[in-house]
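Respectively, the protein sequence lines represent chains A and B.
Counting in this note's numbering, the first sequence runs without a single skipped number right up to 713 at its last residue.
Counting in this note's numbering, the second sequence runs without a single skipped number right up to 99 at its last residue.
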Amino acid sequence: MAKDINLDQVLQTFIVEARELLEDMEAALLRVADEADPRESINAIFRAAHTIKGSSGLFGLDAIVAFTHVAESVLDRVRDGAVALDEGLVALLLACGDYIGRMVDAVERTEAQADPHADPEGAALLARLQAYLAPCAAPAEVARAAAPTAAGGPARWHLSLRFGPDVLRNGMDPLSFIRYLATLGQIEHLVTIPDAVPPLEALDPEGCCLGFEIAFVTTVDKASIENVFEFVIDDCALRIVPPGSQVARYIELIHSLPEGPSRLGEILVRCGSVTAHELEAALRVQSESAPERRIGAILAEQGTVAPQVVEAALVRQKQAKEARGAENQSVRVDADKLDRLINLVGELIIATAGANLVAKRTRNLELMERNSTLADLVEEVRDSALQLRMVKIGATFNRFKRVVHDVARELGKDIELAVSGEDTELDKTVVEKIGDPLMHLVRNAMDHGIDSPERRAERGKPAAGTVSLNAFHDSGSIVIQVSDDGGGLDRERILAKGLERGLVEAGRVMSDAEVYALIFEPGFSTAEQITNLSGRGVGMDVVRRNIEALRGNVAIASEPGRGTTVTVRLPLTLAIINGFQVGVGKSVFVVPMDMVDECIEFSAQTGQDYTDLRGQVLPFIRLRELFDVPGRPAARQNIVVVKHAGQKFGLVVDALMGEAQAVIKPLSRMFVQVRGISGSSILGSGDVALILDVPVLMQQAQLGRGAAAHAAS
Amino acid sequence: MTSPTFRIDGELTIYRAAELAGAMKAALAAVADGGALELDLSEVAEMDCAGVQLLLAARRSAAESGRTLRLSGRSAAVDEVLATLRLDGHFGDAAGAAH
């Protein structure tokens, strides 16, 4: 039904925004302890809680409103300096954030809202929050009590509301705002203004033309009243006449509204905001004076407004403007739509390659020229389309701040997280899948990497351990590093374990990297004591599998006593790459362009699997042999020198066919076992080309060399 | 002679506003000059401002064409909305007057 879809969409926006706000809140909570001047962060925490409460109110999510309200009240006291934001309170507020998050999750699953007072966990959190509020509000009154900001008793405000035509269409119901307003005080009088509602024949049933005049008695300040309408403020004319205003102010209001003065006067009198007598007298004076007096009167009026009202309005206006500025910078798009776009761009690239091929065959110069322009444009379209899916890794990194904070407490270690390279961008699909492996690596680093405080003191390291997350781009890949400044890996113990598990042959000479790589083997664990987090090694094979599934790889480096660094290398995107086409017999292979270093003429003594590259040994692989391509090698073979993770090796091919974009199509499950091929791509001619998996080939090249070296020694 | 009745079930909200506006227009047009249309809202489960607006527009249409619009039944949901907007008295017996 239409209703469900529409409501879902608006609710979905609420859910997404609530989660973002909770993330902001969490980030601010985690950084607040380290800041010299935490006011900005405290404000950010407060704003997040406040906005969640406000928007939950609009959706009638009373449970969230009630719970968040208490947290907000505590934060309000923190803001005033009445309560100190110590470690205990930070932990409590983090737990509250989680609880709100779970309530939001429940909304998403369209579950009934549990009353936080009735839920044991919610009640416990509320009780702890209340401790900070004593001697303030009584628990039972919490949901009702409005933010007690303004000093003094209740005052009588007059609100004049005219909703814009798009309010209903945007999924807002003026009724919700009025209901929400009623929770902040008492609506003493309300007059619905039907004047703008045309007869049925002229009515736009989905356009809003209602207005309301409200006499409102409350203890909250002007900003709080305005906040009620924060979500429609662009679409709603809101005029607030503060308590104790002179009749002239109402006159001004009357003139600023579309309805006639007498009609409005009557309404105001009905609201009890002015008496009929006062109004009559004032209107008479007004009509006698010249029209230009009116502007002067307005200005004079503004002079008489209490300074705090003006200040509050200015602050709010600034906030709204900032918020809107940030909103304008981004547009939410369905991930499905983006995927479709990327798919189409992929098809476009294949089609362009086909057109190019035909143009070359017909030798039509003009056509070829046009085609090349077209190809350039398509390439740009591809880059910008892929760019749309790029997100900064910072958000993922920031999530680990919380993990580190919690796990450090759990382990009783003092650990800090250092983050760098947050602005490094990578494909959203990659980001989503890298979260779990990274989580495992970070936990491992904390649990087993960081040494005990005593050990650290012995080694003269600072008492607080540091886990660092770093990201940067390197030749078409994104590199993510998880490092710790702990004790480093114990080479001998790993090697011993490897022998014991039969993972290495006795007597084999192994480099440090090869030894360390053993911890990624299935079932390898060197943890002396298994904690409830993880034994180092347990699950590391899963980490490697997950990363390899993303066409990435993982490497580990360690320095005894100094620390360990795990380096994860991932392709920037999973969809389209710049490829370098090479031919072997009749087959075409694609090497990712970013990995191609140079091409040289083939020269090697028969039987050897290496050549001399400007005085350096360059191991190579004969693709013809590796993939069993039939036919004799071409008279002049070439070597494509590829570089990966700082090392080089060569691929022997028959023909160099040049650069072309390759849209990666996954191989069918049948070919999952094939090593050295990461995917396939369709050529302009309609033929299929296989994409070479350089990291895997490199391993093979090194194995070959290792074996050769071994045999020679 | 009893007046014709127009009954609305379920939602009287933005999601059905366009559909209901058309139906109400037709129902009003079918009423004889000077006659009255009874609106039965006793089965309305949900009402929002679009619904309120629809009632106000229908009342105006009726008044301008010399007909009368009366609410013959109201559900709890309708009562609550009309009470919130202080419109309770507006659709009573003497609903013909515009003001």
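Glycine residues also receive a C-beta, built at the ideal position from the N, C-alpha and C atoms.
Closer than 7 angstroms to chain A by CB, residue i
i, result
"residue 58 of chain B", "yes"
"residue 43 of chain B", "no"
"residue 86 of chain B", "yes"
"residue 38 of chain B", "no"
"residue 48 of chain B", "yes"
"residue 64 of chain B", "yes"
"residue 8 of chain B", "no"
"residue 21 of chain B", "yes"
"residue 17 of chain B", "yes"
"residue 72 of chain B", "no"
"residue 136 of chain B", "Nothing about residue 136 of chain B can be read from this structure; chain B reaches only from 1 to 99."
Residue i - DSSP class collapsed to helix/strand/coil
i, result
"residue 77 of chain A", "helix"
"residue 174 of chain A", "helix"
"residue 392 of chain A", "strand"
"residue 684 of chain A", "coil"
"residue 216 of chain A", "strand"
"residue 190 of chain A", "strand"
"residue 472 of chain A", "strand"
"residue 376 of chain A", "helix"
"residue 23 of chain A", "helix"
"residue 155 of chain A", "strand"
"residue 571 of chain A", "strand"
"residue 208 of chain A", "coil"
"residue 553 of chain A", "strand"
"residue 59 of chain A", "coil"
"residue 449 of chain A", "helix"
Beta-ladder partner(s) of residue i, from DSSP
i, result
"residue 39 of chain B", "B:6 and B:71"
"residue 643 of chain A", "A:648"
"residue 558 of chain A", "A:564"
"residue 163 of chain A", "A:236"
"residue 337 of chain A", "Looking at the DSSP assignment, residue 337 of chain A forms no beta bridge with any residue, so it has no partner."
"residue 578 of chain A", "A:661"
"residue 599 of chain A", "A:640"
"residue 466 of chain A", "A:416"
"residue 47 of chain B", "B:12"
"residue 617 of chain A", "A:612"
Nonlocal neighbours in the same chain, by C-beta distance under 6 angstroms from residue i, ignoring five residues either side
i, result
"residue 683 of chain A", "689"
"residue 52 of chain A", "18, 21 and 68"
"residue 80 of chain B", "none"
"residue 204 of chain A", "none"
"residue 655 of chain A", "583"
"residue 10 of chain A", "171"
"residue 354 of chain A", "684"
"residue 26 of chain A", "97 and 402"
Contacts around residue i, its chain only, beta-carbon distance under 7 angstroms, and the 5 residues preceding and following it disregarded
i, result
"residue 77 of chain B", "44, 45, 46 and 47"
"residue 308 of chain A", "Residue confidence for residue 308 of chain A is low, a pLDDT of 44 falling below 50, so the modelled location carries little weight; the figure read from the coordinates is stated next. So no residue of the chain qualifies."
Near the ligand HEM: residue i beta-carbon under 6 angstroms from a heavy atom
i, result
"residue 64 of chain A", "The ligand HEM is absent from the structure shown, which contains no ligand whatsoever."
Other residues of its chain near residue i: CB distance less than 8 angstroms, five sequence neighbours each side excluded
i, result
"residue 23 of chain A", "395, 398 and 399"
"residue 178 of chain A", "187, 190, 212 and 214"
"residue 677 of chain A", "667, 671, 690, 691, 692 and 693"
"residue 55 of chain A", "14, 17, 18 and 231"
Beta carbon proximity, residue i to chain B, threshold 7 angstroms
i, result
"residue 197 of chain A", "yes"
"residue 168 of chain A", "yes"
"residue 758 of chain A", "Outside the displayed range of chain A (1 to 713) lies residue 758 of chain A, so it cannot be described from this structure."
"residue 192 of chain A", "yes"
"residue 173 of chain A", "yes"
"residue 129 of chain A", "no"
"residue 11 of chain A", "no"
"residue 205 of chain A", "yes"
"residue 89 of chain A", "no"
Open item on the list: Check whether the stretch 606-614 of chain A and the stretch 655-669 of chain A touch, using three or more Cβ-Cβ pairs below 8 angstroms as the test.
Closed with: no
TODO: Say whether the stretch 213-229 of chain A touches the stretch 47-64 of chain B, bearing in mind that this needs 3 or more beta-carbon pairs closer than 8 angstroms, one atom from each stretch.
DONE: no
Open item on the list: For the pair the stretch 414-429 of chain A and the stretch 467-485 of chain A, tell me if three or more CB-CB distances fall below 8 angstroms.
Closed with: yes
TODO: Decide if the stretch 6-21 of chain B is in contact with the stretch 610-618 of chain A; the criterion is three or more beta carbon pairs, one per stretch, under 8 angstroms apart.
DONE: no
Open item on the list: So, does the stretch 622-630 of chain A touch the stretch 546-563 of chain A, judging by three or more C-beta pairs under 8 angstroms?
Closed with: no
Task: Any 3 or more C-beta pairs closer than 8 angstroms across the stretch 337-354 of chain A and the stretch 565-579 of chain A - done: Here the stretch 337-354 of chain A makes contact with the stretch 565-579 of chain A; the two share three or more CB pairs at distances below 8 angstroms.
Task: Given 8 angstroms, three or more beta-carbon pairs between the stretch 154-163 of chain A and the stretch 228-242 of chain A - done: yes
Task: Three-pair Cβ contact test at 8 angstroms for the stretch 485-493 of chain A versus the stretch 445-453 of chain A - done: yes
Open item on the list: Using 8 angstroms as the cut-off, can you tell me whether the stretch 407-421 of chain A makes contact with the stretch 458-472 of chain A, which would need three or more C-beta pairs spanning the two stretches below that distance?
Closed with: yes
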